[in-house]
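Take a look at the structure set out below.
In this note's numbering, the protein residues as written are -12 to 218.
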């Protein structure tokens, strides 16, 4: 998809997934399930046509599959966009939506739209795109990072550490300093780790082993931040 109008026509309704109204969220999740079923049916039809009728007959079925992918999450986000083009990419707001959905309503995200690979790719792509993004988008990224710090650890959250280092800036530091005094030890430690990353640009790229080593250096049991088992 290229135009903002096309993205909104296909996916504008998905912003209901992060509505404060649980009824609206449930309705949006139902619609998402329908679009995912249509995507799966289109893929099945494409595979059947390819097997039984060959390449030329598969073109039309393949077009339907691509069209159905554009109408659902997370599939619509599987579109390669160079980092330097992110600022003008109409799909960017849906990437931010997808990450906010997981941060705000993790159980609903798990039930209806989970894709750890998509989350991993989005966070690392956003980190590479930071130099090209507008200030208002950077502010949204700061908010997402702080949401991740203030909740239970989840799979692929190390991507938020990568993103935090790329974003930096006074606003992120100020918010992390506030969380660094939070009564919750987990929140406190995550914020302090991110501040350490910002203060040590020479340190290697964030990864789970680095986080655990940082905890040990502060005589904290690394088991504190072990991710809960996820299906």
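We put the CB at the ideal spot given by N, CA and C, even for glycine.
Keep in mind it's a predicted model, so treat the numbers as computed, not measured.
Can you give me the C-alpha to C-alpha distance between residue i and residue j, rounded to a whole angstrom?
i	j	result
residue 16	residue 4	7 Å
residue -9	residue 119	19 Å
residue 190	residue 183	9 Å
residue 67	residue 162	32 Å
residue 2	residue 60	11 Å
residue 203	residue 136	19 Å
residue 112	residue 207	31 Å
residue 86	residue 106	7 Å
residue 32	residue 18	21 Å
residue 159	residue 130	8 Å
residue 92	residue 144	15 Å
residue -3	residue 50	15 Å
residue 109	residue 35	32 Å
residue 176	residue 6	30 Å
residue -1	residue 69	23 Å
residue 13	residue 186	42 Å
residue 155	residue 10	37 Å
residue 94	residue 102	13 Å
residue 164	residue 178	7 Å
residue -7	residue 82	15 Å
residue 195	residue 151	15 Å
residue -5	residue 96	20 Å
residue 62	residue 115	21 Å
Give the range of the alpha helix (DSSP H) segment to which residue i is assigned.
i	result
residue -1	Taken as a continuous stretch (DSSP letters only), residue -1 belongs to no alpha helix (DSSP H), as it is neither H nor E.
residue 189	Segment: none, residue 189 is in no alpha helix (DSSP H) and carries neither H nor E.
residue 87	79 to 91
Buried or exposed: residue i, going by 16 or more other Cβ atoms within 10 Å of its Cβ?
i	result
residue 104	exposed
residue 170	exposed
residue 180	buried
residue 200	exposed
residue 99	buried
residue 28	exposed
residue 79	buried
residue 65	exposed
residue 146	buried
residue 205	exposed
So does the stretch 19 to 32 actually touch the stretch 50 to 68, counting three or more Cβ pairs closer than 8 Å?
yes
Runs of alpha helix (DSSP H) lying entirely within the stretch 100 to 176, each at least 4 residues, in chain order
103 to 116, 122 to 136, 145 to 154 and 157 to 166
Quick check: the stretch 71 to 83 against the stretch 120 to 134, are at least 3 beta-carbon pairs closer than 8 Å?
yes
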